[in-house]
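For the sequence shown, the positions run -3 to 252 when my numbering is used. All C-beta atoms in this analysis are idealised placements derived from N, C-alpha and C, irrespective of residue type, glycine included. Here the structure is a predicted model, which means the values were calculated and not measured. These notes are about the structure you will find just below.
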Amino acid sequence: MIMRDSEIKNLFAKADEQVHVDEIRKQKTYYAMIEEMEKQRTPMMSTKNILFHQFWYMDKLFFAVYGVLICLGIIFITALQYTGLNQNGMITVCMVGAGILSITSISVIDKLFFGKMAELGESCYFNTKQCVAAWLVLSGMINVMILFLIAGYLNYHWSVGLLQVGLYILTPYLVSSITALGILSMETRGKNSSLFGMSAIFLSISYGVIGSIPRALFVTTLWIWAVAFLVSGLLFVMQIKKLLSKMEKGEVLCTN
């Protein structure tokens, strides 16, 4: 004889009525299960703590070199004030310094996050792409803050418009960043260091030539600098996206 669903449900209901549940023991069992589940739960670290630990255990040498270079650059620019250098010469020196600062901060990525460190990518809490993105943001904030301080210095001591001197400094910074990111995206098998050095020398000479061109740093040519700044900013964003995309695909890891 085949029983209907309603009859089966009635049988289970009658069986449940005959079972007497101890509510106190039920609550104790429930809390014991919750406590055991909490013990077995995998601890999750916040993104801030993950990045802190990743940077903490890295080699600090290149961070120190980067910091020393910034300090020496500030001292050098301050000292030039007492050498009789004219306004255009000082702006040109700052343009060169901005370019070198940019290339140095990006070359740190090549030394710290690629090569030996890249083999650890995606293992444990280490994520190469995450570290590179964090360093780009951190170093970018530091660099821009320093460049704005230099711009303020030139504005105060040389009476150059803040917007004007900002374009003079930030445009070479972006151009150098684009070049350095392009080098970083190349599979050059350990030749990145020499390419970074060559690009720093070439761009420094280029900025020196631009600074020596008559009227190149005049207010009348400011619109050209503004266009160059906007184009460089757009290319800079595109270059970062390209680098992170290549890292996602594993095309620029373990190449040096």
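Query - LYS24 to VAL133 span [Cα, whole Å] - result: As a position in the sequence shown, residue 24 is number 28, starting the count at 1. As a position in the sequence shown, residue 133 is number 137, starting the count at 1. C-alpha separation (whole angstroms): 51 angstroms.
Query raised in the report: Helix, strand or coil: how does DSSP classify ARG21 here?
Result: The residue you call residue 21 lines up with position 25 of the sequence shown. Helix, per DSSP.
Query raised in the report: SER241 by DSSP, collapsed to three states: which one?
Result: By one-based count along the sequence shown, residue 241 stands at place 245. Helix, per DSSP.
Query raised in the report: Between VAL233, VAL215, TRP221, which lies nearest to GLY157 when the distance is taken from Cα to Cα?
Result: If you number the sequence shown from 1, residue 157 lands on position 161. When each option's Cα is compared against that of GLY157, the closest is VAL215.
**Report entry** Supposed close pair ARG232, ILE174 - CB separation, criterion 8 angstroms
**Finding:** Numbered from 1 along the sequence shown, position 236 holds the residue referred to as residue 232. Numbered from 1 along the sequence shown, position 178 holds the residue referred to as residue 174. Note that residue 232 is Phe in the sequence shown, not Arg. Right, their Cβ atoms sit about 5 angstroms apart.
Report task. Give, in chain order, every unbroken run of the alpha helix (DSSP H) that is at least 4 residues long and sits entirely within the region 40 to 75. Result -> 43 to 52
Requested in this report: Would you identify the three-state DSSP class for PHE192, choosing helix, strand or coil?
Outcome: Looking up residue 192 in the sequence shown gives position 196. Three-state result, PHE192: helix.
**Report entry** Environment of THR307 [buried if 16+ CB atoms lie within 10 Å]
**Finding:** In this structure the chain extends from -3 to 252, so residue 307 is not present and cannot be described.
Query raised in the report: Is it true that the CB of ASP106 sits closer than 7 angstroms to the CB of ASN45?
Result: Counting from one through the sequence shown, the residue named residue 45 turns up at place 49. Counting from one through the sequence shown, the residue named residue 106 turns up at place 110. Cβ atoms of ASN45 and ASP106: not closer than 7 angstroms.
**Report entry** Nearest-angstrom Cα separation, counted from TYR169 out to MET91
**Finding:** Sequence index remark: in the sequence shown, residue 91 carries index 95 (1-based). Sequence index remark: in the sequence shown, residue 169 carries index 173 (1-based). If you take the alpha carbons of MET91 and TYR169, they lie about 7 angstroms apart.
**Report entry** Ordered list of alpha helix (DSSP H) runs contained in the region 126 to 209, each at least 4 residues
**Finding:** 158 to 180, 188 to 208
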